[in-house]
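In what follows, a single structure is set out as structure tokens and then discussed.
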Amino acid sequence: MQQEIEIAVPPRVAQHKDLLIEDCALELGISNDAVHDVQILRRSIDARSKQVKYRLKCRVFINEEPVVETVEKRNYQNVNDKPRILIVGSGPAGLFAALRLIELGFKPIVIERGKDVSNRRKDLGILHKKHLVNPDSNYCFGEGGAGTYSDGKLYTRSKKRGDLKRVLDILIEHGAQGDIKIDAHPHIGTNKLPKIIANMRRTILESGGEVRFDTRAEDIIIKSGKAVGVVDQNGNNIEAVSVVLATGHSARDIFYLLQSKGLELEAKPFAMGVRVEHPQPIIDNLQYHCDGPRDKNLPAAPYSAVEQINGRGVYSFCMCPGGFIVPAATAQQELVVNGMSTSTRDSRYANSGVVVEIGLQDLKAYEKHGVLAGLEFQKYLEKAAWMAGGKTQTAPAQRIVDFTEGKLSPELNDCSYIPGLQSSPMHEWLPKHIGKRLRKVFKAFDQKMKGYYTNEAQILGVESRTSSPVKIPRDDNTLQHPQCEGLYPSGEGGGYAGGIVSAAIDGEKVAEAIAKNLK
1337 MQQEIEIAVP PRVAQHKDLL IEDCALELGI SNDAVHDVQI LRRSIDARSK
1387 QVKYRLKCRV FINEEPVVET VEKRNYQNVN DKPRILIVGS GPAGLFAALR
1437 LIELGFKPIV IERGKDVSNR RKDLGILHKK HLVNPDSNYC FGEGGAGTYS
1487 DGKLYTRSKK RGDLKRVLDI LIEHGAQGDI KIDAHPHIGT NKLPKIIANM
1537 RRTILESGGE VRFDTRAEDI IIKSGKAVGV VDQNGNNIEA VSVVLATGHS
1587 ARDIFYLLQS KGLELEAKPF AMGVRVEHPQ PIIDNLQYHC DGPRDKNLPA
1637 APYSAVEQIN GRGVYSFCMC PGGFIVPAAT AQQELVVNGM STSTRDSRYA
1687 NSGVVVEIGL QDLKAYEKHG VLAGLEFQKY LEKAAWMAGG KTQTAPAQRI
1737 VDFTEGKLSP ELNDCSYIPG LQSSPMHEWL PKHIGKRLRK VFKAFDQKMK
1787 GYYTNEAQIL GVESRTSSPV KIPRDDNTLQ HPQCEGLYPS GEGGGYAGGI
1837 VSAAIDGEKV AEAIAKNLK
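Residue 1373 in my numbering sits at position 37 of the sequence shown, and the numbers go up by one each step.
What follows is the structure in structure tokens.
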């Protein structure tokens, strides 16, 4: 007999099967010997009280041998001679669109401006050590998109977006651990994502699809109002029956291209701010209510916080426990920071973006740029950070209390950011509508997380790529651009996703729309 139960257990019990069997038997009022196995179906950490617990949903096998659930490998058909669909970008939206198109009987041609995951790593090394930004191969561009060398967070849980289970199954099929279907806040880790991405590419190629690297879309080929391909940087025409734009939130050249061709764009809400780094033990202590090292059976503690400050939302973003801060610029004269972590989340630091919602009233100085006003504001702030850091990828930084009190930090803390730090009066050069709210929010966060507001923590600037400030519109029914048949905006770059899973779901949604429209 099988029985599902929900149970709260100490961390040590959650990590040791024999102890979990004992607790489940006790909960059911049966002997330990009657329990042949326990499978965890759902796992989350409850740290609301001093005694931190794991909350588990379990399937208990009583006097019955366990049934091991496996993810069945999909049988992708060969599509070598099928109609060609061009996909611009190999992030999660592009890759999942390609796999879904294969299932639906179309040949995906994926073009990527950057390099494959292996060669892309070399450019990241140059960025860290020599401060040289390759505009086509960096933390934002290259195989797998911005998520490949980040934390690999899979936080989207809204069933309204689409089939979440299917996306997780495909990731597992290509090498992800099965735990991503169990944890309330799953992540893969930057050390494991590249192999998964490479396996997805292999599936596309083995099924007759194509993946072309170092291929940047310079123009869109439009014939009789229909998108039928792109022109690459070498002047080559790559034609297909439809074009998917899955270019990510940092492909600014695509927004300029669409505007130059008279295709409608829309301004979109976004947020900007800084990245905050604490020593991980501080976050562990305030989240797990411990005075010393955290329980070895607990992971590095995350946090999530949001406040309304002077009528705007100010919130933590892309929190990376046990993580690193990385340079995420896509051009030479700009400085952008982001966070990442490995699957083990075992660095000495915890970092998170803390960002302020940007309103239209903040963009009056950029009104002449129309719907691209937010994009131009992003560029301005990223260049200001670059100049404040010494015109390299050295990041301007300031300790939190010093920033709030308007004082230059005489010295900075050790930091995970490899290119280095430059003490900077960020309270002076951050735009007032951002800086004033940040100075208030750090104290507000401390009211809920005692110990957060400390000069052991510091801010780095700037966290500016939370999402695209531009949306590429599409018809609700066909998912095509309303002015251009056959052109399908998708994922974060189109304004239809906010992370790996939501982008993957949107890519599949677009693939299904293409199949429907081409019937």
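All C-beta atoms, glycine included, are put in the ideal place defined by N, C-alpha and C.
- A contact is defined here as three or more CB-CB pairs under 8 Å, and the segment 1715 to 1725 fails this definition with respect to the segment 1647 to 1656.
- According to DSSP, residue pairing for S1385 in a beta bridge does not occur.
- Here Y1592 is exposed. Its C-beta has fewer than 16 other C-beta atoms within 10 Å.
- From the listed residues H1625, V1612, I1533, the smallest Cα separation to P1657 is found for V1612.
- Taking the C-beta atoms as reference points, V1396 is found nearer than 8 Å to Q1338.
- Exclusion of the five residues before and after L1699 leaves A1709, G1710, F1713 as the residues of its chain whose Cβ lies within less than 7 Å of its Cβ.
- In this structure, the CA atom of S1578 is about 8 Å from the CA atom of I1850.
- Residue burial annotation: L1757 is buried, with at least 16 other C-beta atoms found within 10 angstroms of its C-beta.
- Cβ-Cβ separation between V1580 and L1431: approximately 11 Å, too far for a contact (criterion under 8 Å).
- When the Cα atoms are used, I1462 and A1733 turn out to be separated by approximately 22 Å.
- Annotation note: the segment 1636 to 1699 contains no uninterrupted alpha helix (DSSP H) run of length 4 or greater.
- Look at S1473 here: in three-state DSSP terms it is strand.
- Taken in chain order, the complete beta strand (DSSP E) segments of 3 residues or longer contained in the segment 1565 to 1651 are 1573 to 1575, 1578 to 1581, 1606 to 1615, 1642 to 1645.
- Spanning the alpha carbons of C1476 and L1460 requires a straight line of approximately 10 Å.
- With a minimum length of 3 residues, the unbroken runs of beta strand (DSSP E) contained wholly in the segment 1399 to 1476 fall at 1420 to 1424, 1443 to 1447.
- Taking C-beta atoms under 8 Å as the contact rule, P1818 and P1809 qualify, at a distance of about 6 Å.
- Between E1821 and S1804, the beta carbon gap of about 23 Å keeps them out of contact (Cβ cut-off 8 Å).
- Per DSSP, reduced to three states, the secondary structure at Y1485 is coil, with no helix or strand assignment.
- Proximity of the segment 1785 to 1794 to the segment 1529 to 1536 falls short of the contact definition, fewer than three beta-carbon pairs being nearer than 8 Å.
- Look at H1705 here: in three-state DSSP terms it is helix.
- With a minimum length of 4 residues, the unbroken runs of alpha helix (DSSP H) contained wholly in the segment 1501 to 1547 fall at 1529 to 1542.
- The way I'd put it, the segment 1635 to 1643 does touch the segment 1679 to 1690; three or more beta-carbon pairs between them come closer than 8 Å.
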